[in-house]
């Protein structure tokens, strides 16, 4: 007699949780027909069970006591969509240890504790799903876990933070400064009151850690991801970038380099024609290179209640299918402990420098001799707008080590004939 | 004691088969580590076992006798990459009936017999995988089957034939005629000597039938797909389309309309800014709308030995995972027999007309009165280049039934003041 029922405990009833609960209640019969398994929402853990809610739940479903879910042997799966590191991580660990499957949308927990929780789930013979933790409804985790598994993944490059992509787009198109663009993003519902999680690259670094862990089967902690936000990008850079044939994007990049990984988040000049250059507004897109598949691009809405609920419920339906298929053994991926993250100094990349320099003889020779001494070769150099005394001078380089590029920046900025190095950005 | 081995028989050693065989032999140990299952290539069925091959296989592996694979009880899975309807369909059916799993890249068989074979596989308690049958290495089938399963899919719109996308791109960018563009496609390896499979939309219609079957769980036979190729697109249309803000693409579209489906392949004017408008060269891209996820775009290399092998071996690794997980029950999807394809006459769409008309008074009134009588309302109208006697006249419409649009075309072309309706294309 096959188990025909999957009893669900839901943790969190915010924007994502409400969509998940609504969907499970309204589509129960349709999902039962589609999967052969009855998905039954049994309990919902919230902080305040008497607060009015947007979603109408049957009486008695809400509880504020974690043990009503975690210690209920009837529940086969816990769906965690409350967010935040604690108590979510502890709840997930307790659920796994008591033999429950877990489906989560929790970026922070999966970025910091994903490999450990996956291994714990393998030992407990349960599944841990987290498609919704990165990129909203875009099928990323399953693409790495299943579809591209035949490949050696070479590179993952992503526009994975919608807020900064919206902000950079407004800076580029409307010539706004960072603060004005952020105000627009806030008005459009794309930015928080405190934007530093997005603007300083923390969100993108956490998402990159999760993607890199799955794509390369490596333990990539977000603290190992090199991280620079978008505060160093000046409105003028968008104009110069476009003249040179680039868009400025905040990218999350992970790549295999022999036995190491690159893992970094920073602004990048992306050439026109590259699929990531045309990712508009708050959209997310992930560009993957594999040794068999070549190049694949996955694009969609990277956040929001409904796209995220699409991934959460998709994970639940995949779990339901595994129940119908009577899966007996659920094992963890095997992480490669040899694969560690390369220090940013050793990463080789191209760069863009914008400097204010004295408009006089010998200046460029002085600058270029530093580039030469550091072994950094110039790809293009343009002298811009002089006001008679100061001229703006823009250089792009061929690939060099990031250490050499930063030493070059430092030495150039100390030259007497240089007013300042206004921007230093990497080039894809 | 879990089965730790998956013994594989391969049918076909062409471009895809060679890549699959090479990969299985060279990555056997890596895949064993990744999945915990040993993927063992045992036999390869070819027409001529003594012909020299690009891939070096162990002696005795090649055979010309189908029964060496199909009747060998040791083989647990048959990989079919020979292509063509027969004998491939018969081999697949025999393999399934004798309890073997099947992984195939066969577009024709899956388009014409997919639902029947899937149901047969369900009854035989084996899996039938076909990710490689559509879109090369792009993960489409699994996205519909798993990731977007929580959604009601509303619409699938795809650039799914690389040859015609390359050809239309060259016609648009270089002003070439169809034959010259096809010659370039042939030289670049993107077109066959006889291009009608691509140019007349047969390939796209078969791929659409497969995608629609999976996305909507409907039985969509390629003969039910409305099909128009690119022969009716004139080089001048690309110029007018761009002036109006569109690119011309051969699209495959499937959409839910109440209890019916639209399923059609024809040239379409795609507005600039739509993600499908910028799909370049021989790339494929599939744009999906779901009621939860919103819009998702999947893009990549839609053909070629290595991308296709990525999907074939990906399917094998997923099968290996199911063996390791000791899956017991393998069931077919439940197709919705109520969901049938709407006749093209009843499809509502926008259209683009290009007519040569007498350059004189009363002409436009005569034309517009026909549009009015047919209930087709005009979205834009531009009179172009007159040589004194004939003028070119371009109209785009608001949505109307395709029957009304075609009656309008027919009646306009019979007007005395109209030389010809040079082009009639749909608009997205």
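Residue numbers (my numbering), protein chains in the order written: chain V, 23 to 450; chain D, 23 to 450. Cβ atoms here follow ideal geometry from the backbone N, Cα and C, with glycine treated the same way. On a predicted model such as this, the values are computed, not experimentally measured, just so you know.
What's the C-alpha gap between residue 199 of chain V and residue 205 of chain V? 10 Å
CA-to-CA distance, residue 447 of chain D to residue 167 of chain D, given in whole angstroms: The alpha-carbon atoms of residue 167 of chain D and residue 447 of chain D are separated by roughly 33 Å.
Can you tell me whether residue 442 of chain D is buried or exposed, with buried defined as 16 or more other CB within 10 angstroms of its CB? With fewer than 16 Cβ atoms within 10 Å of its Cβ, residue 442 of chain D is classed as exposed.
How far does the beta strand (DSSP E) with residue 228 of chain D in it reach, from first residue to last? Run containing residue 228 of chain D: none in the beta strand (DSSP E); it sits in the alpha helix (DSSP H), 224-238.
Is it buried or exposed for residue 397 of chain D, if we count other Cβ within 10 angstroms and need 16 for buried? exposed
What does the alpha-carbon distance come out to for the pair residue 24 of chain D and residue 141 of chain V? Because the pLDDT of residue 24 of chain D is 49, which lies under 50, any placement of that residue in the model is unreliable, and the number read from its coordinates should be weighed accordingly. Approximately 20 Å, taken between the alpha carbons.
Quick check: what's the CA-CA separation for residue 351 of chain D versus residue 339 of chain D? 18 Å
Does residue 51 of chain V have its Cβ less than 8 Å from a Cβ in chain D? It does not: the Cβ of residue 51 of chain V has no partner Cβ on chain D nearer than 8 Å.
What are the complete alpha helix (DSSP H) segments, minimum 4 residues, inside the region 356-420 of chain D? 385-395
Of all Cβ atoms in chain V, is any one closer than 8 Å to the Cβ of residue 360 of chain D? Closer than 8 Å: no.
Pair within 8 Å by beta-carbon distance, residue 111 of chain V and residue 244 of chain V: no
Using only CA atoms, which one of V:409, V:406, V:394 lies nearest to residue 422 of chain V? Closest option to residue 422 of chain V, Cα to Cα, is V:394.
Using 8 Å as the cut-off, can you tell me whether the region 117-128 of chain V makes contact with the region 151-163 of chain V, which would need three or more C-beta pairs spanning the two stretches below that distance? Verdict: yes, contact present.
Three or more beta-carbon pairs under 8 Å between the region 286-306 of chain V and the region 425-433 of chain V, yes or no? no
Give me the chain V residues within the contact set of residue 213 of chain D, using Cβ-Cβ distance strictly less than 7 Å, ordered along the chain. Chain V residues near residue 213 of chain D: none, gap ~20 Å exceeds 7 Å.
Under 8 Å, Cβ to Cβ, is there at least one residue of chain V near residue 146 of chain D? At least 8 Å separates the CB of residue 146 of chain D from every CB of chain V.
Which residue from V:95, V:306, V:231, V:413 puts its Cα closest to that of residue 383 of chain V? Minimum Cα distance to residue 383 of chain V is reached at V:413.
Note down, one range per segment and in chain order, each alpha helix (DSSP H) of at least 4 residues found wholly within the region 306-354 of chain V. The DSSP assignment places complete alpha helix (DSSP H) segments of no fewer than 4 residues inside the region 306-354 of chain V at 327-346, in order along the chain.
Residues bridged to residue 424 of chain D by DSSP? Paired residue(s): none; residue 424 of chain D is not in a bridge.
Please report the distance separating the alpha-carbon of residue 67 of chain D from that of residue 97 of chain D. 13 Å
Let me check one thing: in DSSP terms, what residues is residue 446 of chain D bridge-paired to? D:375.
Among residues of its own chain, excluding the 5 on either side of residue 40 of chain D, which ones have a beta-carbon nearer than 6 Å to its beta-carbon? 76, 77
Using the three-state DSSP reduction, which class does residue 61 of chain V fall into: helix, strand or coil? strand
Residues of chain D with CB closer than 7 Å to the CB of residue 128 of chain V, please, in chain order. By Cβ distance, chain D contributes nothing, its closest Cβ being about 18 Å from residue 128 of chain V, past 7 Å.
Pick from V:88, V:63, V:119, V:305: whose alpha carbon is nearest that of residue 191 of chain V? V:305
Which of the three DSSP states is assigned to residue 53 of chain D in this structure? helix
If we cut at 8 Å on Cβ distances, does residue 371 of chain V have a partner in chain D? no
Taking DSSP as the reference, what is the three-state secondary structure of residue 163 of chain D? helix
Best match in D:319, D:232, D:87, D:281 for proximity to residue 324 of chain V [C-alpha to C-alpha]: D:319
Contact set between the region 303-324 of chain V and chain D, restricted to residues whose Cβ is under 7 Å from the partner: 312, 314, 315, 316, 317, 318, 319, 320, 321, 322, 323
Residues in its own chain within less than 6 Å of residue 275 of chain D by CB, not counting five upstream and five downstream? 179, 286
Taking only beta-carbon positions, decide if residue 350 of chain D is within less than 8 Å of chain V. Yes, because at least one Cβ of chain V sits closer than 8 Å to the Cβ of residue 350 of chain D.
In the DSSP output, what is residue 31 of chain D paired with across the bridge? D:65, D:100
N-terminal and C-terminal residue of the alpha helix (DSSP H) that residue 38 of chain V is part of: In this chain, the alpha helix (DSSP H) harbouring residue 38 of chain V covers 37-48.
List the residues of chain V whose Cβ lies closer than 8 Å to the Cβ of residue 264 of chain D, in chain order. The contacting residues do not exist; residue 264 of chain D stays about 17 Å from chain V at best.
Whole angstroms is fine: what's the gap from residue 406 of chain V's alpha carbon to residue 257 of chain V's? 15 Å
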